[in-house]
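For reference, the structure discussed in these notes is given below.
And the structure:
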């Protein structure tokens, strides 16, 4: 094996430790790893895919490892993680058995686990022979889903839809793009599928920055579901819009591209740097402001307010499988309280007769439907402004009977799926 091959797996081992042992979000751990810059693009991509696969299939992988151990109990953390990486390669990534096993043994030698080389070799060779057949007998969706999430989704959506959610999580999401103009033209140039909402969809993988139109600022990456909230304001030309909790800026770009006068607000000055960079590349303008959206006040209210509230992101597990391993019920409760404060204050920021759109990339009802119910029960200044499927390219499946957008992984399967999202549109009553 080459040194870079071993190095890529070593980076993957570090990243897995950071996520599972230190609770560091995968993207943060990946961006901060000091050895990534020394890997070629192919090895960087492999390291990322390998860790994402382990996180996505962790329940299955741990069951396979446990079944192939000759003694009860799991080995120490480093050995366990090496076995996880090897199993992911053998069962789910199609890595040749000799490559996966040999590099795992070499990795154990390099990471102070030489006494376990025999165990690693024996377990992975058995998994290489029997692992795929064993995996075919597993209940993959259920095994890879923490109990608390499975139960919460089953209570909210029933067993059938929950099955659809967890099975959608087994697969990496496609690459969705939002274009400023001429979606038909750019669908052809990008060899993408034009979806009913105007989103362009390509298979995942490859270098985004090398695609046609990136350097010219023609498009930006944005999931189909994430593109919907900014479409619900009607004609925004010349209107003043507050985009609260705006980073990383996809919705800011949409609003600016529609001709709105946008104030993009976020607590994180560092994250706002990315918003400014994206706007610059896209040749779009917005006022970017570092402030807490729960307390910030404006000289005058806006015609429209978009609140993309911080949330658990359980609707984005297809893209961020570490969410399965990092979030807890306590996180949901804490986030729900913060969302409630943000939503209550957002009403103050929109003028009478104006529109407020609230959204989260979560499939937890506490972060979606329950927030709107609570607001409407305590604030008589606002009322529902129901969303219709016609506004969303006729996608009836993702509009609930209350006129809210409720998309779930597993929906829109004929289009290639969708992230989980909640969107409610409200109107502040005229005084």
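In the numbering used here, the protein residues as written are 46 to 476. All C-beta atoms in this analysis are idealised placements derived from N, C-alpha and C, irrespective of residue type, glycine included.
Contact annotation: residue 95 and residue 135 have beta-carbon atoms that are not nearer than 8 Å. Along the length of the stretch 82 to 119, whole alpha helix (DSSP H) runs at least 4 residues long occupy 86 to 101, 103 to 113, reported in chain order. Per DSSP, the continuous beta strand (DSSP E) segment holding residue 396 begins and ends at 395 to 405. Between residue 274 and residue 427, the C-beta gap is not smaller than 8 Å, which leaves the two residues out of contact.
For residue 309, the secondary structure class from DSSP, reduced to helix, strand or coil, is strand. Residue state for residue 337 is assigned as coil, using DSSP reduced to three classes. Boundaries of the beta strand (DSSP E) harbouring residue 473: 466 to 473, taken from the DSSP string.
When DSSP states are grouped into helix, strand and coil, residue 141 belongs to the coil group.
For residue 223, the uninterrupted beta strand (DSSP E) run begins and ends at 220 to 224, by DSSP.
The DSSP-derived three-state label of residue 68 is coil. A distance below 7 Å between beta-carbons, with the five flanking residues on each side excluded, links residue 241 to the following residues of its chain, in chain order: 438, 439, 440. Within the DSSP bridge table, the entry for residue 353 names 404 as partners.
Within the same chain, Cβ atoms closer than 6 Å to the Cβ of residue 303 are found at 281, the five residues on either side in sequence being excluded.
Around the beta carbon of residue 322, a 10 Å sphere encloses fewer than 16 other beta carbons of the protein chains shown; the residue is thus reported as exposed.
Residue 456 is bridged by DSSP to 454. Considering only 184, 85, 69, the residue with the shortest C-alpha distance to residue 53 is 85. Just measuring C-alpha positions, the residue of 277, 190, 475, 263 sitting nearest residue 363 is 190.
In its chain, beyond the 5 residues on either side, 179 have a beta carbon closer than 8 Å to the beta carbon of residue 112. Out of 215, 100, 137, 154, the CA that lies nearest to the CA of residue 51 is found in 154. Annotation: residue 222 to residue 359 spans about 21 Å, alpha carbon to alpha carbon. Scanning 122, 473, 251, 146 for the CA closest to the CA of residue 89 turns up 251. DSSP, reduced to helix, strand and coil, places residue 347 within a strand of the structure shown.
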